[in-house]
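Structure record follows, encoded as structure tokens.
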Amino acid sequence: MPSESTPFIVTHDTTAGKESSTELHLPFPPFNSGKWELVVKPSGSYFSAVLRWKGCISTPTVLTVDLAVLDRQRYLSNNQICSRSVVQAGVFPSQPDGKVATEAAAVRADYSERQLRVQLSIRLGTRSAPSATTMASSVSAHLAARHPNDVRLYFPLCERELWANSAFLAEKSPYFKDLFASGFAEGSLRTESTRLEKDDDGAWRMSTFDDSDDETDTVPPSSSPIKTEGDVTSSSSPVKSEAGCGSPFREIIITETAFTTYRALLVYLQTAHIDFAPLLSSFNADISFPPAATRRKMKITTRRLDGMSLPLPASPKSIYRLAHLLSLPDLSAQALAALSSQLTPSNVLYELFDSVSGTYDEVQQVELEYAIKHWKEVKCSASMFLMESRAQSGKLSHPVGMLLKLAKSLS
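For the sequence shown, the tail end lands on 411 under the UniProt record's numbering, and the numbers increase by one without skipping.
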């Protein structure tokens, strides 16, 4: 990536009277991903330049992009600029497909040379890189946009949708790469965002199990000016399709992973930003009103920044399960670390006897080691007496095996 302004220049013969296009092949991100071209478009004696790209799946970069149409005759003497468009230092590009265009520039009839010079200058951002939360807010907004994305994730339980790019998903997740390479890709192409019933055979269903982020899928709107965000739409609001866009897309119906979880994961894939929610078990020690689940939800929603369209914090257990399914080991490790950091003598038994612990050995091992290390406090906690009572009444998901492991480790 150039550290200083690096111009890329093409010339255009104004006497040809037709559009000209030059492909860009630049060896640094984001220009080394997808197709990029500089286009000069004539209209009478007016000309405009367009930087156009398609299929860019590179991580957005903090850049200043300067696109200018210059009169070649005067360029060397006084840097005459006929028309200009500048993308100030910021996240670029913000979408896989898009364009930056100058305004139409007039070429005077008395010019002896009939050539224009189109110059694209690119340099690293002249301001500090945006914070992770700023980038996450920007990316989160684009998850609501139909175009230019080609994968619709529909959540019928809360009537919400997320949009993503199939090439990007396939690059980031081996799971999606295999999925899109299978018969699913051809069998589920659509041109309309229809609301499908659970028995519709045209869509594939992701199968996990109950997700603790479901409760935040119905969070009311924030103060963000972006109104199409998933987390700021009431659960009773209908999912809207984008009119006038007939390009085909793949549709995946998600019924067993929460919208909040998926949204947080998609933002993470593009920005490496993720905010983990507190464990429900952290609120169980306090028996005050309102109930633990309500207090957890209130805690999560108050962590949203004013004016920011950020995804809500997601359960580390929910993220772990989804990351495990999508073959994202780095995110799985982050989620496990977040879960581990929230363990206390008061809540570790709740987690040990949770279905996630019973399903994933890695999670169970972390929780078991914590319980053993802090056993003196754990055995005197209120949760110990509650778990004993639940085990006797058969209300725990895997009591016998866990109790045997605890006894063996402590002996």
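Ideal Cβ placement from N, Cα and C applies to all residues, glycine included.
Which stretch, first to last residue, makes up the beta strand (DSSP E) that contains residue i?
i	result
L24	20-24
L38	35-43
G358	Taken as a continuous stretch (DSSP letters only), G358 belongs to no beta strand (DSSP E), being part of the alpha helix (DSSP H) at 355-359.
F276	It is not in any beta strand (DSSP E) - F276 carries neither H nor E in the DSSP assignment.
A101	98-101
L328	No beta strand (DSSP E) contains L328, which DSSP labels as neither H nor E.
F283	Looking at the DSSP string, F283 is not in any beta strand (DSSP E), and its letter there is neither H nor E.
R146	No beta strand (DSSP E) contains R146, which DSSP labels as neither H nor E.
I57	Looking at the DSSP string, I57 is not in any beta strand (DSSP E), and its letter there is neither H nor E.
L157	Careful: L157 lies outside any beta strand (DSSP E) and carries neither H nor E.
E256	E256 -> no beta strand (DSSP E), and no H or E assigned at all.
So, using beta-carbon positions, are residue i and residue j closer together than 8 Å?
i	j	result
L339	K317	yes
A144	I57	no
S355	Q364	no
L51	V10	no
V366	L410	no
L162	L280	no
L269	K172	yes
Q119	A68	yes
S315	A272	no
L343	L368	no
A49	T102	yes
Note down the Cα distance separating residue i from residue j, rounded to an integer number of angstroms.
i	j	result
Y370	L26	51 Å
A16	F47	12 Å
Q392	A382	16 Å
D275	D66	34 Å
E251	M387	42 Å
T261	L310	13 Å
P93	E159	29 Å
S20	V40	5 Å
L349	S341	15 Å
A164	P248	13 Å
Q334	W36	35 Å
G98	N32	15 Å
P42	L179	44 Å
P2	S121	Summary for P2: the model assigns pLDDT 49, below 50, so the residue's position carries little reliability, and this model does not support an answer.
F8	T22	11 Å
L38	K54	12 Å
K379	S282	17 Å
N284	P313	19 Å
R117	R263	44 Å
P345	R146	46 Å
S389	K177	46 Å
D361	P329	15 Å
L24	I253	38 Å
T257	L169	17 Å
D13	F28	29 Å
D384	D150	One point to set straight first is that residue 384 is Met, not Asp, in the sequence displayed. If I take the Cα positions, the gap works out to 50 Å.
G34	V139	19 Å
G394	T255	28 Å
A203	F259	Below a pLDDT of 50, predicted positions are generally treated as unreliable, and A203, at 40, falls in that range; the measurement from the model is reported next regardless. C-alpha separation (whole angstroms): 17 Å.
N347	T359	18 Å
Kindly indicate the opening and closing residues of the alpha helix (DSSP H) around residue i.
i	result
I319	316-325
E171	166-172
R390	382-392
E377	375-378
L352	348-352
Could you check how far apart the C-beta atoms of residue i and residue j are, in whole angstroms? I think they sit under 8 Å.
i	j	result
S327	P174	4 Å
P30	Q95	The Cβ separation is near 11 Å, so there is no contact.
Shorter than 8 Å from the beta carbon of residue i to some beta carbon of chain C?
i	result
S341	Annotation note: the requested chain C is absent from the structure, which comprises a single protein chain.
Say yes only if the C-beta of residue i is nearer than 7 Å to one or more non-hydrogen atoms of the ligand COA, and no if none qualify.
i	result
V348	The ligand COA is absent from the structure shown, which contains no ligands of any kind.
Touching by the beta-carbon criterion (3+ pairs, under 8 Å), the segment 319-327 and the segment 152-161: no
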